[in-house]
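Asker: This structure is in structure tokens; I'll ask about it shortly.
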Amino acid sequence: MTVEVIAVGGYEEVGKNMTAVKIGEDVIIFDMGIHLDRISIHEDTDIDRMHSLDLIERGVIPDDTLMKDVDGQVKAIVFSHGHLDHIGAVAKLAHRYNAPIIGTPYTIALIERTIKGERKFKVNNPIRPLNPGSKLKLSKDITLEFVQSTHSIPQAVFPVLHTPEGIIVYALDFKFDNHQKVSPPPDYNRLRELGRKGVLVLIVETTNATNHTETKTYSEKVPRIILEDLMREPLKEKAGMIVTTFSSHVERIQTIVDIAKKSDREIFLLGRSMERFCGIAQNMGILKLPENATIYGSPKAVNKALMKAEDDRDKYLLVTTGHQGEPDALLTRIASGRTPFNVRKGDNVIFSAPIIPNPTNAANRHILESKLKSNGARIYANAHVSGHAGREDHRDFLRMLRPKHIIPAHGNLEMLVSYGELAEEEGYRIGNNVHILRNAQAQVFNGE
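The number in the working numbering is simply the position in the sequence shown, starting from 1, with 10 added.
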């Protein structure tokens, strides 16, 4: 029985992640994501009315037309976590496969919201939640296991396939964080057990592979301390206050509201994507909002909340997206005077997010900060740590799993090769047991 790993998307870029694994005649698909930067898609952008072929043509979603040439039956579509570069194309592609959609309960809730909003296609695939630490038999020869992981979104897991030829681990995306508020630590013991049982292939993210200075990614405990220090005095001032971060970073949102709940300010979580990620997390009991916190999603509700904050700015804390300076995001519209809330001299703006490194984001963020400063705001930047493993975390990961073969993923060619160089430091060799793939390429293994 042969094992074939097919790179569908995410092997030439950061985004539109999709991988197929063929074991004998059975095929398992991992993730169906979108490319967030290709047409300036961000968390508030609506692609529900666009056709999949147009999106493929523009490089926004994976080109899965190659799957027509894969001789096998798709048994499952498995999602590692709920970020849009992993689930964003599910409503455009999943209906092509007669297979169940599987993810953790929070990931499934986000997928169901995406499917509900779809306007072009009907997605009638069976949907099966699977808890971290649980297993599900997919076929006679394949069992799926979800191993607890941590990332910058709740209920991220390592999907693991148990096959007659060995174990296959799909590790997109993760960090090793022992101090999160809403998620337990990774299951290190289980990872080591898998290593002892025999991992045939590790498919692994490369987000921080080129960063030689950040050797290990710090815990969410670090931005908690930073935010406590940054927010303490501004919360007391007679001025407006905004904190901007990823709406999907429920862990960070929990930190922000926990700090602010002790103040006299009412907390407004603003925007459609805040309502999507945080509203679902609150309904599931993952996010615990204090009594003085409210989520406003629709444009009308957001504007009403902003009108209240404009009149009594020292009584409210606004938590928004728009930290990259996206032209239509809420913070950009606030800074440009296109909302009922206007930034004034003395207002405080905290960025709990980095600049995602590409020229467009850097330019947009520079313009955003310039507008905020010209209006008199005081800016606190980069109260943040990465949600992705650093190089030394990857080294630990390799030593836990001891895979026979490695396929770097979730990156451009430079990132994939950088991970290969790191693996070579651990005794692997590019071209021998480290396999650099491009989109539409495949690697075949015989369990050796």
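The beta-carbon is built from N, C-alpha and C at its ideal position, and this holds for glycine as well.
1. Among residues of its own chain, excluding the 5 on either side of Lys226, which ones have a beta-carbon nearer than 7 Å to its beta-carbon?
2. Within 10 Å of its beta-carbon, does Arg448 have 16 or more other beta-carbons around it, so buried, or fewer, so exposed?
3. Measure the C-alpha to C-alpha separation of Thr331 and Gly176 and round it to an integer number of angstroms.
4. Considering only residues of the same chain and omitting the five flanking positions on each side of His394, which have a CB-CB separation below 7 Å?
5. Are the CB atoms of Gln190 and Thr114 nearer to each other than 7 Å?
6. Verify whether the separation of the beta carbon atoms of Ala101 and Met425 is less than 7 Å.
7. Going by alpha carbons, who is nearest to Gln83 out of Asn385, Ile38 and Ala315?
8. In whole angstroms, what is the alpha-carbon distance linking Gly98 and Met42?
9. Check for me: the alpha helix (DSSP H) holding Val285 runs from which residue to which?
10. Quick one: what does DSSP say Pro529 is sitting in, helix, strand or coil?
11. For the beta strand (DSSP E) that Ile417 lies in, which residues bound it at each end?
12. Can you check which of these residues, Phe287, Gln292, Lys246 and Val329, is closest to Gly356 by C-alpha distance?
13. Going along the chain, which unbroken runs of the beta strand (DSSP E) with 3 or more residues stay wholly within the segment 142 to 199?
14. For the segment 383 to 438, which segments carrying the beta strand (DSSP E) assignment without a break, of at least 3 residues, lie completely within its bounds, in sequence order?
15. Once DSSP output is grouped into helix, strand and coil, what is the label at Tyr116?
16. Once DSSP output is grouped into helix, strand and coil, what is the label at Leu340?
17. I need the boundaries of the beta strand (DSSP E) containing Asp36, first residue and last residue.
18. Can the beta-carbon of Arg200 be found less than 7 Å from the beta-carbon of Val157?
19. So, helix, strand or coil for Val133, using DSSP?
20. What residue range is occupied by the uninterrupted alpha helix (DSSP H) comprising Val312?
21. If we count the other Cβ atoms within 10 Å of its Cβ and call it buried at 16 or more, is Asp95 buried or exposed?
22. Mark Thr370 as exposed unless 16 or more other C-beta atoms lie within 10 angstroms of its C-beta, in which case mark it buried.
23. Taking the C-alpha atoms as reference points, what is the distance between Pro300 and Phe278?
24. Do you know how far the Cα of Met11 is from the Cα of Ser283?
25. Does Met28 pass the burial test, meaning 16 or more other C-beta atoms within 10 Å, or should it be called exposed?
26. Could you compute how far the alpha carbon of Thr265 sits from the alpha carbon of Asp239?
27. Keeping to the same chain, check which residues put their C-beta closer than 7 Å to that of Pro194; ignore five residues upstream and five downstream.
28. Excluding the 5 residues flanking His445 on each side, which residues of the same chain have their C-beta closer than 6 Å to its C-beta?
Answerer: Put simply:
1. Gly400, Glu402 and Asp403
2. When all chains shown are included, Arg448 counts as exposed.
3. 43 Å
4. Here the set comprises Pro233, Ser362, Ala363 and Pro364.
5. Taking 7 Å as the Cβ cut-off, Gln190 and Thr114 do not qualify as a contacting pair.
6. no
7. Ile38
8. 7 Å
9. First, the amino acid is wrong: residue 285 is Glu here, not Val. That run of the alpha helix (DSSP H) goes Arg282 to Asn293.
10. With the chain represented from 11 up to 458, any question about residue 529 goes unanswered, as that position is not in the structure.
11. His415 to Ala419
12. Nearest of Phe287, Gln292, Lys246 and Val329 to Gly356, Cα basis: Lys246.
13. 145 to 147, 153 to 158, 167 to 173 and 176 to 181
14. 388 to 390 and 415 to 419
15. helix
16. helix
17. Where Asp36 is concerned, the enclosing beta strand (DSSP E) stretches over Asp36 to Phe40.
18. For Arg200 and Val157, yes; Cβs fall inside 7 Å.
19. Reduced to three states, the DSSP call for Val133 is coil.
20. Pro309 to Asp321
21. buried
22. exposed
23. 11 Å
24. 44 Å
25. buried
26. 12 Å
27. Gln158
28. Ile417 and Gln453
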